[in-house]
Amino acid sequence: LHEKFDRLKKLHQDEKKKLEDKKKALDDELNSFKQKKTAAELLQAQNQQAGSSATLKKDKERK
Numbered sequence: 917l918h919e920k921f922d923r924l925k926k927l928h929q930d931e932k933k934k935l936e937d938k939k940k941a942l943d944d945e946l947n948s949f950k951q952k953k954t955a956a957e958l959l960q961a962q963n964q965q966a967g968s969s970a971t972l973k974k975d976k977e978r979k
């Protein structure tokens, strides 16, 4: 009976460790994605500002 309990306890520990490792990997992947998303949004905002200032310059040149 003790052997069965110890074996089940070890299986549970192993599964729990695998899940924790997988959770950590997913958290790392999520953080990496968030950083890339923030960088992309920043670049997009900068490009929009550059585009709008270029449009203003063209409008001034036409007048």
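Numbered by this note's numbering, the letters in the sequence shown go through residues 917 to 979 in order.
No residue lacks a Cβ here, since even glycine has one placed at the ideal position from N, Cα and C.
So for residue i, helix, strand or coil by DSSP?
i	result
residue 927	helix
residue 958	helix
residue 892	No statement about residue 892 is possible, as the shown extent of the chain runs from 917 to 979 and does not include it.
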